[in-house]
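Protein chains in written order, with the working numbering: chain P, 134 to 221; chain U, 444 to 562; chain R, 2 to 172. For every residue, glycine included, the Cβ atom is placed at its ideal position computed from N, Cα and C. On a predicted model such as this, the values are computed, not experimentally measured, just so you know.
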């Protein structure tokens with residue numbers, strides 16, 4: 134029972150952080166700022182996956198986290214290249 | 444599933460909530476701070492400490508030895524790759540269209556720019 | 002021989018020190034974000050820090066570690082000029098931030114290298130001329146994934162004579 138409430142509270146915190154990051158994504162003003170916001174949204178998604186998997190007892194949780202942390206920076210790299218017009 | 448009679452689970456839940464707090468605070472920083480580099484610094488707290496706390500908390504709640512190894516690799520990978528990612532963003536931002544805020548002084552990289560134009 | 006045996010000890014010592022710095026920096030940044038804007042202590046600066054690193058892996062490691070510490074962020078570096086360009090969030094004084102970065106580099110190099118060698122370098126900013134009057138294509142080997150000195154930062158004359166030069170006129 135308490136565990137359910139904790140899960141709800143945690144999801145609300147994550148949703149709030151994603152909302153703030155999304156706001157920064159809308160406001161910009163530049164691609165690089167949006168890239169940073171996208172980064173934070175990605176970390177919040179890792180949090181969501183963790184919480185839901187713990188609640189649903191999904192066994193693949195740590196495999197998912199491992200792959201997410203290994204590949205998550207790809208979005209940052211590609212957004213950085215997008216911001217620089219494809220050049221390095 | 445969280446079992447609140449198990450001390451390891453309680454510590455795990457506390458760590459997860461600390462990680463979530465770091466995430467929320469860096470989101471506030473992302474919204475409040477004035478330029479790209481300060482925002483990237485704020486997000487750096489959740490990239491390092493925030494995700495690491497969430498992963499370690501999840502490990503304590505769902506502990507097995509294979510999970511321990513996966514979690515250690517995940518935390519190390521997260522630390523290394525997030526640093527590379529924020530450097531790439533900051534570098535492309537500086538080179539192209541994100542001038543640092545006016546309060547940034549001194550800016551000793553500014554003087555080395557080849558194309559001395561206002562962006 | 003002895004230095005090989007002490008390598009793991011030195012590395013663990015460095016990692017413990019780094020973990021402490023990492024936690025303190027996290028606390029500092031989170032505390033500052035939560036302060037009302039009138040009392041925010043952010044005083045950002047981008048500082049050219051003379052570096053003692055030599056190989057590409059040393060530059061990659063030190064710039065990653067600097068970036069990983071919240072509040073400091075390596076924007077780019079130039080191996081030709083032996084400079085790290087670091088954005089600091091709490092740079093009340095230029096030299097304070099440069100000293101902090103150099104201390105971290107000192108500790109990293111002492112832990113990593115078999116013989117630390119000569120780690121002395123100036124604190125003041127090296128003179129780096131814009132590339133307009135310099136020979137082109139000098140800095141290709143500084144080019145790895147974390148940056149190097151390509152597009153917008155300068156690559157001027159040589160490798161040997163610019164890092165030790167005293168600062169021009171920066172305050």
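Could you check the C-alpha separation between residue i and residue j for me, to the nearest Å?
i, j, result
"residue 41(R)", "residue 30(R)", "10 angstroms"
"residue 157(R)", "residue 200(P)", "Confidence at residue 157(R) is low in this model, with a pLDDT of 37, below 50, so the placement of that residue should be treated as unreliable; the coordinate-derived value is given next. Roughly 42 angstroms separates the two Cα atoms."
"residue 451(U)", "residue 96(R)", "45 angstroms"
"residue 562(U)", "residue 169(P)", "Confidence at residue 562(U) is low in this model, with a pLDDT of 39, below 50, so its placement is unreliable and the value that follows should be read with caution. Going from the Cα of residue 562(U) to the Cα of residue 169(P) covers about 19 angstroms."
"residue 109(R)", "residue 4(R)", "15 angstroms"
"residue 160(P)", "residue 476(U)", "13 angstroms"
"residue 54(R)", "residue 140(P)", "47 angstroms"
"residue 71(R)", "residue 10(R)", "26 angstroms"
"residue 550(U)", "residue 84(R)", "14 angstroms"
"residue 526(U)", "residue 492(U)", "12 angstroms"
"residue 192(P)", "residue 515(U)", "17 angstroms"
"residue 100(R)", "residue 87(R)", "12 angstroms"
"residue 134(P)", "residue 17(R)", "40 angstroms"
"residue 80(R)", "residue 74(R)", "17 angstroms"
"residue 212(P)", "residue 472(U)", "20 angstroms"
"residue 152(P)", "residue 171(P)", "11 angstroms"
"residue 544(U)", "residue 106(R)", "27 angstroms"
"residue 507(U)", "residue 548(U)", "50 angstroms"
"residue 21(R)", "residue 27(R)", "10 angstroms"
"residue 512(U)", "residue 522(U)", "16 angstroms"
"residue 177(P)", "residue 486(U)", "11 angstroms"
"residue 69(R)", "residue 24(R)", "11 angstroms"
"residue 468(U)", "residue 35(R)", "7 angstroms"
"residue 533(U)", "residue 61(R)", "15 angstroms"
"residue 474(U)", "residue 483(U)", "11 angstroms"
"residue 553(U)", "residue 82(R)", "16 angstroms"
"residue 12(R)", "residue 115(R)", "11 angstroms"
"residue 78(R)", "residue 67(R)", "12 angstroms"
"residue 8(R)", "residue 117(R)", "12 angstroms"
"residue 449(U)", "residue 32(R)", "32 angstroms"
I need the boundaries of the alpha helix (DSSP H) containing residue i, first residue and last residue.
i, result
"residue 138(P)", "135-160"
"residue 483(U)", "479-488"
"residue 475(U)", "450-475"
"residue 216(P)", "206-216"
Could you round the C-beta distance between residue i and residue j to whole angstroms and report it? I think they count as a contact, below 8 angstroms.
i, j, result
"residue 540(U)", "residue 163(P)", "5 angstroms"
"residue 458(U)", "residue 518(U)", "Rounded, the Cβ-Cβ distance is 12 angstroms, inconsistent with contact."
"residue 64(R)", "residue 530(U)", "7 angstroms"
"residue 194(P)", "residue 456(U)", "With a Cβ gap of about 15 angstroms, residue 194(P) and residue 456(U) do not count as contacting."
"residue 48(R)", "residue 92(R)", "7 angstroms"
"residue 460(U)", "residue 143(P)", "7 angstroms"
"residue 466(U)", "residue 150(P)", "5 angstroms"
"residue 497(U)", "residue 180(P)", "5 angstroms"
"residue 206(P)", "residue 524(U)", "4 angstroms"
"residue 536(U)", "residue 165(P)", "3 angstroms"
"residue 520(U)", "residue 202(P)", "5 angstroms"
"residue 89(R)", "residue 45(R)", "7 angstroms"
Could you tell me which residues DSSP pairs with residue i in its beta bridges?
i, result
"residue 78(R)", "85(R)"
"residue 505(U)", "For residue 505(U), which the question treats as bridged, DSSP gives no partner whatsoever."
"residue 175(P)", "The partner list for residue 175(P) (beta bridge, DSSP) is empty, contrary to what the question assumes."
"residue 550(U)", "47(R)"
"residue 91(R)", "44(R)"
"residue 73(R)", "89(R)"
Would you mind reading off the limits of the beta strand (DSSP E) that contains residue i?
i, result
"residue 51(R)", "46-51"
Establish whether the CB of residue i and some CB of chain A are separated by less than 8 angstroms.
i, result
"residue 52(R)", "Among the protein chains in the structure shown, which are P, U and R, there is no chain A."
Query raised in the report: Which residues, in chain order, does the stretch 84-111 of chain R contribute to contact with chain U at a C-beta distance below 7 angstroms?
Result: So the list reads 86, 88, 90, 95, given in the order they occur along the chain.
Query - Against chain U: residues of the stretch 66-80 of chain R by CB proximity under 9 angstroms - result: Residues passing the 9 angstroms Cβ filter: 66, 67, 68, 69, 70, 71, 72, 73, 74, 75, 76, 77, 79.
Requested in this report: Below 9 angstroms between beta carbons is the criterion; list the residues of the stretch 142-166 of chain P that meet it against any residue of chain U, in chain order.
Outcome: Listed in sequence order: 142, 143, 146, 147, 149, 150, 151, 152, 153, 154, 156, 157, 160, 162, 163, 164, 165, 166.
**Report entry** Interface residues of the stretch 493-526 of chain U facing chain P [CB-CB below 7 angstroms]
**Finding:** From the stretch 493-526 of chain U, only 493, 494, 497, 498, 501, 504, 505, 510, 513, 514, 516, 517, 520, 521, 524, 525 have a Cβ closer than 7 angstroms to chain P.
Query raised in the report: Closer than 9 angstroms, Cβ to any Cβ of chain P: which residues of the stretch 536-549 of chain U, in chain order?
Result: Residues of the stretch 536-549 of chain U that bring their beta carbon within less than 9 angstroms of a beta carbon in chain P comprise 536, 537, 538, 539, 540, 541, in sequence order.
Report task. Closer than 7 angstroms, Cβ to Cβ, to anything on chain U: give me those residues from the stretch 189-201 of chain P, in chain order. Result -> Residues passing the 7 angstroms Cβ filter: 190, 194, 195, 196, 198, 199.
Query - Residues of the stretch 458-480 of chain U with Cβ closer than 8 angstroms to any Cβ of chain P, in chain order - result: Those would be 459, 460, 462, 463, 464, 466, 467, 469, 470, 471, 473, 474, 479, in chain order.
Query - Residues of the stretch 177-188 of chain P whose Cβ lies closer than 9 angstroms to any Cβ of chain U, in chain order - result: Those residues of the stretch 177-188 of chain P that come within reach of chain U (Cβ to Cβ, closer than 9 angstroms) are 177, 179, 180, 183, 184, 186, 187, 188.
Query raised in the report: What residues in the stretch 35-48 of chain R bring their beta carbon closer than 8 angstroms to a beta carbon of chain U?
Result: Going along the stretch 35-48 of chain R in chain order, one finds 35, 38, 43, 44, 45, 46, 47, 48 with a Cβ nearer than 8 angstroms to chain U.
**Report entry** Residues within the stretch 10-30 of chain R neighbouring chain U, beta-carbon criterion of under 8 angstroms
**Finding:** Cβ contacts with chain U: 23, 24, 27, 30.
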